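Residue numbering for the sequence shown follows my numbering, starting at 361 and increasing by one per position.
What follows is one structure encoded as structure tokens, with my remarks underneath.
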Amino acid sequence: MAQYGSTHRGKHFIVIDSTQPGKKGVFCSIKVDGEEEYPDIKGSPFDTVHAAQMAGAAFARALIDSELDLDSYEHKGYFIRASGSEQRDGTWVGAYQLHRNDNPVPFRRANVPTFRGNTRKEAEDNAIAVAREAIDEDVAAGKL
């Protein structure tokens, strides 16, 4: 089992790599400031220890950024960024973007026009709920 540790924005993270009996590849999880372990690193199992460490470090940095900036939410190893836009009638419509690790380019964007909230927060909360459902459905279908 190899470990890689670093500090990002004042928080220490450790990437833990391991192999599992009967399974090929290198598996990866992270711990931030000694808290609970996050095993949902996308791409696992990896071909090499280096690939596992790089993916784990990217996930850890993105997780720390989302916790400190409060601008994204982690769900099953993916990051959701929500936004709201005010409509002409005064209601708010939410939208979301899905990101992998610390990649600033989203791999999916969607508006949620079926719900109109009275505030930006309502619209964004609804968009996050819809994004979580979409991730759950795609993971169950094997698309993610």
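Every residue gets a Cβ at the ideal spot worked out from N, C-alpha and C, and that includes glycine.
Values in this document were obtained by computation on a predicted structure and should not be read as measured data.
Residue environment analysis places R421 among the buried positions, since at least 16 neighbouring C-beta atoms fall within 10 angstroms of its C-beta.
According to the DSSP secondary-structure assignment, R460 is paired through a beta bridge with Y438. If you keep only unbroken beta strand (DSSP E) runs of at least 3 residues inside the stretch 467-491, you get 468-477.
In this structure, the straight-line span from the alpha carbon of S378 to that of G437 is close to 18 Å.
Just so you know, the alpha carbons of A470 and A455 end up roughly 6 Å apart. Taking K383 as the centre and dropping the five residues before and after it, the same chain places the C-beta of P405 closer than 8 Å to its C-beta, in chain order.
Scanning its chain for C-beta atoms nearer than 6 Å, with the 5 sequence neighbours on each side dropped, one finds around E484 the residues A442, G444, G454, in chain order.
For I401, no beta strand (DSSP E) encloses it, and the DSSP letter there is neither H nor E.
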